[in-house]
Amino acid sequence: MTHVLLLGGTTGASQLAQALHQAGVSAVFSYAGVTQAPLAQPLPVRVGGFGGVQGLVRYMADHGITHVVDATHPFAAQMSRHACEACAMAGVPLLALERPPWQPGPGDRWIDVPDMAAAASVLPAEPTRVFLAVGRKQLQAFAGQRQHRYLLRLVDAPAPGSLPWPDDSVDLEIGRGPFSAEHDLALLQAHRVRWLVAKNAGGEATRGKLDAARALGLPVVMVQRPHLPQRARTGHVDAVIHWLRHGALPGEAPSAGRP
Ligand code: 3Y8
Ligand code: NAP
């Protein structure tokens, strides 16, 4: 009897949850619990960490998990690494649902950097106005660059005094996306933004800020994805359903001994 653990928290995970529900596949949707009111899902939901690799192995045994689909974000590297380790230890098949990284096009002024610290180091020395579209957890990397005026987009309003700068020295936009190019163009113009910092998340939900930056001729500091272990992966929700039914991705022979 198939019972899927869907590691969620992205648009792709929400789309897969709908497909699993419609296909009548038994599954549980997992959030880390880092936002106050995550989107509702058509599947049973569990919220919170598993307690590391061993905790995930124990959760899979206790709940009869037969397959894991890692549909987390490309920057949720620790969760993805834990899923690889735990599934290898437990002998549970694992498939990643992931989207390709964004690629620069004509007119894009991207500066690729390997990580958030490098992103902070390429910002100009002289004071300017920077849109940090990297969420709450990554802001510390910019704490030393106090000469800039920052626009922050966060899912939840930050607790007073919790930001690395005085609350009155930053501008906040609270929202979870998707954000259109029109919306982000107006946002960048309203705040006279001169630089953007973004993670190469891929997908359509937040690429609007990149289209807006191109239209305004603004430089984008683009943080590259962390490296992840080798694992089976697909970019298509229907390929996940096929994998669950046939033990292989479309066009591949079923792996020996797999359900
Ligand atoms: C808790 C679940 C859906 C899900 C929507 C996608 C799209 C919007 C792009 C910008 C960039 C950012 C951030 C972002 C994106 C989608 C998707 C995606 C970026 C929610 C969600 C959870 C989170 C966690 C949150 C992080 C933060 C990152 C904001 C829900 C809305 C900046 C990443 O305050 C915090 O602790 C927030 C933390 C991890 C990155 C960070 O380091 O701060 N996502 N985002 C999931 C959980 O608890 O398991 O609340 O409903 C999901 C989405 N975030 O179904 O439509 O699919 O990528 N999320 C980044 O890419 O830079 C926003 O503003 O332009
Ligand atoms: P992370 O750094 O890779 O993981 C940190 C710890 O959080 C994990 O070791 C695990 O705790 C727990 N965790 C993460 N995702 C989980 C999930 N889906 N279900 C249960 N536990 C989870 O994770 P993150 O970058 O903070 O991302 C947290 C969530 O936000 C994920 O669902 C991710 O898909 C979503 N998200 C993240 C980003 C981003 O920019 N990072 C963007 C959009 C959405 P234990 O070790 O205790 O098991």
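Under my numbering, think of the first position of the sequence shown as 19, with each following residue one higher.
Glycine included, every Cβ here is placed at the ideal spot set by N, Cα and C.
Close-in-space but distant-in-sequence residues of the same chain around L50 (CB under 6 Å, 5 per side omitted)
At residue 50 the sequence reads Ala, which differs from the Leu that was named. If we look at A50 and ignore the five residues flanking it on each side, it has no Cβ neighbours.
Based on Cα-Cα distance, which residue from L24, V239, L234, N218 lies nearest to S98?
For S98, the closest C-alpha among the options L24, V239, L234, N218 is that of L24.
Evaluate the contact criterion for the region 121–129 versus the region 96–110: three or more CB pairs, one atom per stretch, below 8 Å.
No, the region 121–129 does not touch the region 96–110.
Tell me the rounded alpha-carbon separation between A233 and L203.
8 Å
Using the beta-carbon count (16 or more within 10 Å), is G275 buried or exposed?
Because G275 sits at a pLDDT of 49, beneath the cut-off of 50, its placement in the model cannot be relied upon, and the following sentence gives the value as read from the coordinates. Exposed, because fewer than 16 other Cβ atoms sit within 10 Å of the Cβ of G275.
Mind checking whether H209 and L169 have CB atoms under 7 Å apart?
Yes, they are a contact pair.
Say yes only if the C-beta of G67 is nearer than 6 Å to one or more non-hydrogen atoms of the ligand 3Y8, and no if none qualify.
Answer for G67: no, Cβ out of range of the ligand 3Y8.
State the start and end residues of the unbroken beta strand (DSSP E) segment that holds H264.
First-last for H264: 255–264, but that is the alpha helix (DSSP H), not the beta strand (DSSP E).
Is W120 close to chain C, meaning its C-beta is less than 7 Å from at least one C-beta of that chain?
Going by chain labels, chain C is absent from the structure shown, which holds only one protein chain.
State the Cα-Cα distance for the pair A177 and A138, rounded to the nearest angstrom.
23 Å
Restricting to runs no shorter than 4 residues, where is the alpha helix (DSSP H) found entirely within the region 183–238?
199–208, 226–234
On the DSSP bridge assignment, give the partners of Y49 in chain order.
For Y49, DSSP records a beta bridge to V65.
With the cut-off set at 7 Å, would you say H166 and P182 are in Cβ contact?
no
Going by DSSP in three states, R117 sits in which element: helix, strand or coil?
Note: R117 maps to coil in three-state DSSP.
Alpha carbon to alpha carbon, how far is F93 from V241? Give it in angstroms, no decimals.
10 Å
Nearest to V87 (by Cα), restricted to the options T20, L113, P62, A95:
Nearest C-alpha to V87 among T20, L113, P62, A95: L113.
What's the gap between the Cα of P268 and the Cα of R164?
51 Å
Neighbour-count burial assignment, H85, 16 or more Cβ in a 10 Å radius:
buried
Looking only at C-alpha atoms, which of W120, Q54, L57 sits nearest to K227?
W120
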